[in-house]
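Chains as they are written, first to last, in the numbering used here: chain A, 2 to 248; chain B, 471 to 587; chain C, 4 to 141.
See below for the structure under consideration.
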Amino acid sequence: MADRIILQVTRYRPEDEAQPTFREYEVPCPKEWVVLDGLNYVKDHLDGTLSHRWSCRMGICGSCGMTVNGEPKLTCATFLSDYAPGPVRVEPLANFPIIRDLVVEIGDFMQKLAHVKPWIIRQEEKPLSEGEYQQTPEELDAYKQYSMCINCMLCYAACPVYGLDPKFLGPAAIALAQRYNLDSRDQGEKERMELLSQHEGIWGCTFVGDCTKACPKNVDPAGAIQRYKLKAALAWLKDIFVPRGAK
Amino acid sequence: MTRRSLEPLLWLLFSAGGVLSALFLPVLLLLFGLALPLGWLPPPSHARLIAVLGNPLTGLVLFLLCLLSLFHFAHRFRYTLYDGLQIKHLNELINLFCYGAAIVGSVVAVYLLWNVP
Amino acid sequence: MNEQPKYTDFHPRWFRRRMSTYWWLKRWSYVMFILRELSSVFIAWSIVFLLLLTRAVSQGQEGYEQFLAWSKNPVVVGLNVISLLFVGFHAVTWFNLAPKAMVVRLRGRRVPALWIAGSNYAAWALVSALVAWLILGG
C-alpha cells in the first residue's frame with residue numbers, strides 16, 4: 002500500500018474568488034487514518050488557511066459531513082486507505098451554500114429541525130409525584146431507530162428533491178418528527194401532522210431512497226417518510242368518511 | 471387537518487395504481503404484447519375473450535386497473551417532469567396535462583368496458 | 004414554512020450551487036430512480052393497449068383478428084417489449100419498497116421486511132397464474 006495519498010480539496014475564499022477551486026495536498030496514509038485525519042494534517046502541517054468543521058472524531062457529533070469522491074460521508078468514518086492509491090476528492094456537502102472551503106451554511110436545516118417540534122409534547126404534564134413516564138421495550142423499539150439521528154445532514158446532501166427545491170422539509174426533519182410521533186409518551190402527532198402533510202412536507206418526497214443509503218446511523222429516513230405518507234393518507238380518509246362525533 | 475389538500479387522495483390513487491399495475495400488467499402485456507403476436511401460444515378464441523370480458527367482475531377489475539394505473543401514471547409522471555426537467559414553475563399546465571389525461575382515459579375505459587357485448 | 008430558505012442577507016459571498024438539468028445522470032442510483040419513474044409512461048401505454056384490445060374484441064371476430072394482425076407489427080412488438088421491461092422493473096421495485104411504507108407488527112414484533120416483500124411476490128405469482136388461466140383456458 003502506498004504510504005501517501007493525494008487529497009483534492011475544495012477551496013473557496015469568498016474575499017478572493019468568485020468560484021470554488023480545487024487544491025491538491027499530499028498527506029500520509031496509514032491504514033488507521035480517516036479522511037478527517039488527512040484534512041487535519043493539511044491544516045496542521047501544510048496549509049493553515051484550510052477551513053473545515055469537525056468535533057468528536059467518532060461518528061456522534063455529526064459535524065464532519067463532506068462529499069468524498071462524490072458521496073456524502075462522515076469524514077471521521079471514511080478510511081483513506083479505502084481510496085488508495087487515490088486521489089481522494091473532498092468537497093463540501095452538496096445542496097447547501099458554501100461559506101468557505103469545506104464549510105457550508107446549515108441555518109436552513111436548523112430552522113426546519115425546530116419547525117417539526119422534535120420534542121415530547123404533552124397535553125398535560127403529570128405531576129412529579131406520580132413518577133416517571135414508563136416505557137416497555139416494545140414501545141422503545143417502535144421509535145428507537147429514528148432516534149439515532151445525529152443531524153449530520155448527509156441525507157440532505159443525498160436528496161435531489163431538496164437540491165431542486167430547498168423548501169422541501171427534507172429527510173432528517175421528517176424522520177425526527179416520526180421519532181416523536183411513535184414515542185408512547187408523546188401526544189403531539191396532530192400538531193406535527195398539520196405541518197408535515199403540506200406539499201413541502203412529506204408529499205414532496207419522490208422516494209429516491211438515497212437518504213437511507215447515505216445515513217451513517219441506519220435511521221432510514223426514506224422509510225419514515227413513506228410510513229408517514231400512508232398514515233397521513235389514512236388520516237385524510239378518516240377525516241372524510243368518519244363523522245365528527247364518532248372520532 | 472385544517473387545510474384540506476388533494477395530495478393525500480392523489481397519493482392513495484397513485485399507490486393503489488402502483489399495486490394493481492404491478493400485479494396485473496406484466497402478465498397481460500406478456501400474453502397480448504408478446505406471446506400471442508409472436509406465436510408462442512395459440513390465441514384464445516374470440517368467444518372466450520367475450521365471455522371473460524362480459525363477466526361483470528372482470529369488467530370491474532379492468533375498470534379499476536385502468537383508472538388507478540392511469541392515476542398512478544399521472545402522479546409519477548408529474549413529479550418526473552418537476553424534478554427531471556426542473557419545470558416546477560409550469561405546475562398548473564403539468565397538473566392539467568397529467569391528471570386530465572388520467573380522467574379522460576378513465577372515461578374512455580368506462581365507455582369501452584360498458585360496450586362489451 | 005418560509006417562502007425561501009432563510010439565509011442571513013448580510014453575507015453576499017456564499018457560493019450557491021445549482022443542480023444541473025442532468026443531475027439524474029450523476030449517480031447510478033439517480034439513473035435507476037429516473038428509469039423507475041419513467042416506467043409510468045409505459046404503464047399508461049399498457050392501459051391504452053389493453054383498451055384497444057377491449058374495443059377490438061367488442062367489435063366482433065373480425066375486429067379481434069385485425070387487432071391480432073396489428074399487434075404483430077414489429078413497431079408494436081418492439082414497444083411492447085420495452086414496456087414489458089419497464090413494467091417488470093416497476094413491479095420489482097414496487098414490491099421491494101412496499102415494506103418501507105407498511106410496518107406490520109405481530110405480537111409486538113416487527114414483521115421482517117423480507118416476509119412482506121415475499122408475500123407481495125406470492126400475490127404477484129398468484130394473480131399472474133389466475134389471469135393466464137382465465138385468458139388461455141384450462
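Where a beta carbon is used, it is the ideal one built from N, C-alpha and C, also for glycine.
Note that the coordinates shown come from a computational prediction; the quantities given were computed from them, not determined experimentally.
- Partner residues in a beta bridge of Gly575/B, as assigned by DSSP, do not exist.
- The three-state reading of DSSP puts Val69/A in strand, counting E and B together.
- The beta carbon of Tyr163/A sits closer than 7 Å to the beta carbons of Asn96, Tyr157, Phe169, Gly171 from its chain, once the five residues preceding and following it are set aside; these are given in chain order.
- Contact of Phe52/C with chain B is assigned, a C-beta pair being separated by under 9 Å.
- Contact check for Leu139/C against Pro514/B passes: the beta carbons are separated by less than 9 Å.
- Going by DSSP, Gln9/A is part of the beta strand (DSSP E) stretching over 5-12.
- Within chain A, the residues placing a beta-carbon under 7 Å from that of Glu477/B are His200, Trp204, ordered along the chain.
- Chain A has a Cβ within less than 9 Å of the Cβ of Trp26/C.
- In the three-state scheme derived from DSSP, where H, G and I count as helix and E and B as strand, Tyr134/A is classed as coil.
- For Phe98/C, no CB of chain A lies under 9 Å from its own CB, so it is not counted at the interface with that chain.
- When DSSP states are grouped into helix, strand and coil, Ile99/A belongs to the strand group.
- Note on the stretch 167-227 of chain A: whole alpha helix (DSSP H) runs with a minimum of 4 residues are 172-182, 190-197, 211-215, in chain order.
- Membership of Thr22/A in the beta strand (DSSP E) is indicated by the continuous run 22-29.
- Annotation for Ala176/A: Tyr147, Cys150, Val220, Pro222, Ala225 place their beta carbon closer than 7 Å to its own, counting only its chain and skipping 5 residues before and after.
- Glu92/A: member of the beta strand (DSSP E) spanning 89-92, first to last residue.
- Closer than 9 Å to the CB of Pro526/B there is not a single CB belonging to chain C.
- Judged by DSSP in its simplified three-state form, Lys74/A adopts strand.
- Beta-bridge analysis with DSSP links Phe18/C to Ile99/A.
- Contacts with chain A at 9 Å (Cβ-Cβ) do not include Tyr569/B.
- At a C-beta separation below 9 Å, Ile100/A has these neighbours in chain C: His14, Arg16, Trp17, Phe18.
- Taking a Cβ-Cβ cut-off of 9 Å, the neighbours of Pro161/A in chain B comprise Asp553, given in sequence order.
- Under the DSSP assignment, Val43/A falls outside any alpha helix (DSSP H); it carries neither an H nor an E label.
- The CB of Ala104/C comes closer than 8 Å to the CB of Gly224, Gln227, Arg228, Lys230, Leu231 in chain A, given here in chain order.
- If you draw a straight line from the Cα of Ala178/A to the Cα of His116/A, it is about 9 Å long.
- C-alpha of Asn123/C to C-alpha of Asn182/A: approximately 28 Å in a straight line.
- Val89/A and Pro29/A have their C-alpha atoms some 13 Å from each other.
- The alpha-carbon separation between Pro86/A and Asn41/A amounts to approximately 20 Å.
- Gln556/B has its alpha-carbon roughly 40 Å from the corresponding atom of Ala59/C.
- The alpha-carbon of Ser491/B is positioned some 20 Å away from that of Val209/A.
- Taking every protein chain shown into account, the CB of Glu65/C has fewer than 16 other CB atoms within 10 angstroms, so this residue is exposed.
- At a beta-carbon threshold of 9 Å, the residues of chain C lying near Lys214/A are Ser32, ordered along the chain.
- Leu563/B does not reach chain A, its nearest Cβ partner there being about 17 Å away, counting only Cβ pairs nearer than 7 Å.
- In this structure, the alpha-carbon of Ile241/A lies about 46 Å from that of Leu506/B.
- Look at Val78/C: its C-beta is not under 9 Å from any C-beta on chain B.
- Close partners of Leu165/A in chain B (Cβ separation under 9 Å): Tyr552, Asp553, Gln556, Lys558.
- Fully contained in the stretch 475-505 of chain B are the following alpha helix (DSSP H) runs of length 4 or more, in chain order: 477-499.
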